[in-house]
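If you read the protein sequences in the order shown, they are chains A and B.
Just so we're aligned: -3 in the working numbering is position 4 of the first sequence, and the numbers increase by one with no gaps anywhere.
Just so we're aligned: 113 in the working numbering is position 120 of the second sequence, and the numbers increase by one with no gaps anywhere.
Built from N, CA and C at the ideal position, the CB exists for glycine as well.
Number of protein chains: 2
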Amino acid sequence: MRPLIQIVEDDEALEALLAYNLEKEGYKISVANDGEEALLQISEKTPDLIILDWMLPKIAGIEVCRRLRARTETKNIPIIILTARADETDKIRGLDTGADDYLTKPFSITELKARIRAVLRRIRPALVDEIVKYHDLEIDRVTHRVKRGGAEIHLGPTEFRLLNHLIQHPGRVFSREQLLDAVWGSDVYVEARTVDVHVGRLRKAINIPGCTDLIRTVRASGYSLDANN
Amino acid sequence: MRPLIQIVEDDEALEALLAYNLEKEGYKISVANDGEEALLQISEKTPDLIILDWMLPKIAGIEVCRRLRARTETKNIPIIILTARADETDKIRGLDTGADDYLTKPFSITELKARIRAVLRRIRPALVDEIVKYHDLEIDRVTHRVKRGGAEIHLGPTEFRLLNHLIQHPGRVFSREQLLDAVWGSDVYVEARTVDVHVGRLRKAINIPGCTDLIRTVRASGYSLDANN
DNA sequence: CATTTATATGACAGTTTCGTGACAGTAAGC
DNA sequence: GCTTACTGTCACGAAACTGTCATATAAATG
């Protein structure tokens, strides 16, 4: 469940530097060299965060930013802007367009990493935090421990990954196909109904007596993690 | 749920350029080469937005515009006008006739895309937003939840899709055939009367006691989502 | 007002979708 | 080898949903 970061940068030296360091940090990396390529890749892979150079060939950074914000699927992906210009105008324009943070070149890799963590934590805590909570449920991604209202719960590997995925976007409904893709992997072939079985097992595990069912079935659509049932 | 854009343009090179770029952007495209063809296609397909060249063979752009505005079914489809002439008179005449925006040739594709998004958002937020509201009704397409004045409402899959479609054009009347097409799919054969039943079920679900009926029956025509009953 | 036409709705049977226990196969640990 | 934990598939019953019809109600027509 490593976060995927999309780097959009035309300076290849800088790009390599970023990719190398962020991969070492544990992120998956996708790179694009111009705005056009970036938009294509982003809509295809829907990364968890975008690092965007301000000055780009073909389509400028600000335009990439604007377009991403205009589309529902990419509207909520956090963006960190890299710019050579330090003047205030740019800062405002950048953040106005919907960027979440911004860095002026030259910057330290350490600082970039810090900003990335900060932004990811704010937008999707499930991606960076070891411990993620929802309602009275608590999962520790390092020790693979799960608690419901303080009580320890044992989950099998698949159930853990399933819950871990659902908890990333609480409330959002995932189709069986989406879950297969995310939890099982897009390469293996498994029956869609298998998801039902594992959801059932997950339910049985986390719904200890006297608790509300945290998993909602949306008929003909899929499942979601949702306290309001 | 991809928006359908009708392009009306006699210059084939420009037409191809537009079609290519907008398709890549995620829109469905329909093209017409003159005003006559345009009117035909538009009344047939009822696109979500029209890009209209000002200078057209057979029927001029301004005339197409006027006729569209005169007909109830097409009155609210946003129109963006393309023109070679940059003088103010035209612009005013265009917007006067009911066009929503205006671009002077030559223009950048980027700018056109930006205008399209802006217009769509203004006119039909349901196409770009995940949570859509109408009156005291609220539907969330990510969590698949429906609320009426804060109260949670349960809808079956078909009723959900039906409401989701009606709310795209609040106030607009849909014939049973149109609804069958949009909600059931153009390939399945279902009785037109079946729509009545589902509308009835939707009514019963969303019209909780003490609320006005949000669905309007238009005798001999169809149904619409409409608060003024 | 009588008649025709259009819509509302309860009932119902057929279908789809879900939940779950059972089971066999696999892998890991001892 | 034996045990244990886990996985994916299936089958079957339960529940939810669907489409159609028959009947009731309402609106237009003349």
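Contact check between the stretch 183 to 199 of chain B and the stretch 150 to 170 of chain B: three or more CB pairs, one atom from each, fall below 8 Å, which counts as touching. Chain-ordered, the chain B residues with CB closer than 8 Å to the CB of Ala213 of chain A read Pro150. In summary, Thr136 of chain B is buried, with 16 or more beta-carbon neighbours lying within 10 Å of its beta-carbon over all protein chains present. Neighbours of Gly164 of chain A in chain B, taken as residues at a C-beta separation under 9 Å, are given in chain order as Asp133, Val135, Thr136, Arg138. In the DSSP assignment, Arg154 of chain B falls within the unbroken alpha helix (DSSP H) covering 150 to 159. Nearest to Leu105 of chain B by alpha-carbon distance, out of A:Tyr95, A:Asn26, A:Asp3, A:Arg60, is A:Arg60.
Assigned with DSSP and collapsed to three states, Arg196 of chain A falls in helix. Residues of the same chain with a CB within less than 7 Å of the CB of Ala144 of chain A, apart from the 5 flanking positions on each side, are Ile201 in chain order.
Put simply, the CB of Arg(-5) of chain B is far from chain A, with every gap to its CB atoms at 8 Å or more.
Within a 10 Å sphere around the beta-carbon of Glu37 of chain B sit fewer than 16 other beta-carbons, which makes this residue exposed.
Cys58 of chain B sits close to Ala92 of chain B, with the two beta carbons spaced by under 8 Å.
Comparing C-alpha distances from Leu33 of chain B to each of B:Ile52, B:Phe153, B:Val211, B:Gly19 shows the shortest one belongs to B:Ile52.
Membership of Glu145 of chain A in any alpha helix (DSSP H) is not indicated; the residue belongs instead to the beta strand (DSSP E) covering 144 to 146. Only residues of its own chain outside the window of five on either side were considered, and among them Arg141, Gly142 have a CB closer than 7 Å to the CB of Asp129 of chain B, listed in chain order.
Proximity of chain A to Arg110 of chain B at the Cβ level (cut-off 9 Å) is accounted for by Arg59, Arg60, Ala63, Arg64, in chain order. Residues Ile22 of the same chain have their beta carbon placed closer than 7 Å to that of Glu16 of chain B, with the five preceding and five following residues left out of the count. With fewer than 16 other Cβ atoms from the protein chains shown falling within 10 Å of its own Cβ, Pro50 of chain B counts as exposed. With contacts defined as CB atoms closer than 8 Å, Leu155 of chain B and Leu172 of chain B qualify as a contacting pair. Taking C-beta atoms as the reference points, Ile72 of chain A and Ile109 of chain A fail to come closer than 8 Å. Our two residues, Gly178 of chain A and Leu10 of chain A, have alpha carbons roughly 29 Å apart in a direct line.
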